[in-house]
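S.K.: To convert, note that position 103 of the sequence shown is 104 in my numbering; the numbers rise steadily by one, no gaps. Idealized CB from N, CA, C, for every residue including glycine.
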Amino acid sequence: MSSALMTEKQEIETARTSKRIEFEADAFRRNFNRMPFRVRHRLSDHPLFELPRLIELARRLPEENIEYNAGNIPIIQDPTLTPRTGLSIEETIRRIEECNSWMVMKYVEDDPDYAELLNECLSEVGEFSEPLDPGMCRFEGFVFISSPDAVTPCHIDPEHNFLLQIRGRKFATIFDPSDRQVLSEEMLERYLSGSHRNLTLDPEQISRGIRFELTPGDGVHIPVTAPHYVKVGDNVSISFSITFRTPRSDRRTIVYTVNSYLRKRGLSPAPYGRSPVRDSIKHNSYRALRRARFLASRLMGR
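1. Do residue 140 and residue 119 count as a contact pair if the criterion is CB distance below 9 Å?
2. Helix, strand or coil: how does DSSP classify residue 200 here?
3. Can you check whether the CB of residue 237 is closer than 9 Å to the CB of residue 98?
4. Among all the DSSP beta bridges, which residues are the ones paired with residue 162?
5. What number of angstroms, rounded off, separates the C-alpha of residue 138 from the C-alpha of residue 167?
6. Per DSSP, what are the beta-bridge partners of residue 138 in this structure?
7. Would you list the one or two residues that DSSP bridges to residue 273?
8. Leaving out five residues before and five after residue 265 in sequence, what residues of the same chain have Cβ atoms less than 7 Å from its Cβ?
9. Per DSSP, which one or two residues make a beta bridge with residue 70?
10. If I follow the unbroken alpha helix (DSSP H) through residue 115, where does it start and stop?
11. Pull the bridge partners of residue 258 from the DSSP assignment, please.
12. What span of residues does the alpha helix (DSSP H) with residue 192 cover, start to end?
13. Using only the alpha-carbon positions, how far apart do residue 43 and residue 279 sit?
14. Against chain C, with Cβ distances strictly below 9 Å, would residue 165 count as a contact?
15. Am I right that residue 255 and residue 287 are in contact with their C-beta atoms under 8 Å? What's the rounded C-beta distance?
16. Within its chain, find whatever has a CB closer than 6 Å to the CB of residue 213; leave out the 5 residues flanking it on each side and keep chain order.
17. By a C-beta neighbour count over all protein chains shown, 10 Å radius and 16 as the cutoff for buried, is residue 270 buried or exposed?
18. Which same chain residues, not among the five before or five after residue 41, have their C-beta less than 8 Å away from its C-beta?
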């Protein structure tokens, strides 16, 4: 084993000796999956987030797991019109200070070292989240690498998310996920049934967001489907997003998928959470239909 690799392994081992993330227990209990709140972490000097190591990661990940484009875009962006830079993945990372780009490497848990780090971080989250929303599953990690002043347009995501700032400065504007003046039931139905994550908001709606300034060692919790957009400061930014789902979050997704189906047929379905009985009927019917289709496909395959 080379001395460089030995040094990296030793640094990773040393970094394991203390808690990765610091939570304020009362803030976690009050706000988890309701409103965004700050956390602190100890990952800023972790060797897995140095640019040479991230280039190695990019080489190993499937190309479809890497999304990148120009960073000089507005916070409201039509996904079909998002411009590219013409650079390769590796060139984008090497020239990130000057190429005005935004990049995300998705599902980094496919790499064993990043998977181990992700699991360690989320096990610490679980100490606080399990009493509130048990059954953590589908651990996924995302690394964001952004040029100075790059923008991530306003969008929503389906997971519980903790965004941890590793390098540089970011300004994350996050909205109350229950604010139906920003995120309507119809918007949720469209997204959770398969539409693109980007949102279109007007200036009055944009003004309702909560702005967080994140520097290395800072992090913020983004609740499930909380609209948010991000703008990078005047230096290169690297962030690590650790996400997971639960049976409750998956159940909610299914109910909104069924509601989308019902609305397309002229009905006005009750929002998730208004009627537990109706939610159970929708959830169980959807799962039964999926199982029936699966069994039918297996039988047809024979």
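M.R.: Short version:
1. yes
2. coil
3. yes
4. 223 and 244
5. 24 Å
6. Beta-bridge partners assigned by DSSP to residue 138: 246.
7. Beta-bridge pairing links residue 273 to no other residue.
8. none
9. Beta-bridge partners assigned by DSSP to residue 70: 103.
10. 113–130
11. DSSP output for residue 258 lists no bridge partner at all.
12. Annotation for residue 192: the continuous alpha helix (DSSP H) segment containing it runs 186–193.
13. 44 Å
14. This model lacks chain C altogether; it includes just one protein chain.
15. 5 Å
16. 173 and 221
17. buried
18. Cβ within range, chain order: 22, 23, 218, 219 and 220.
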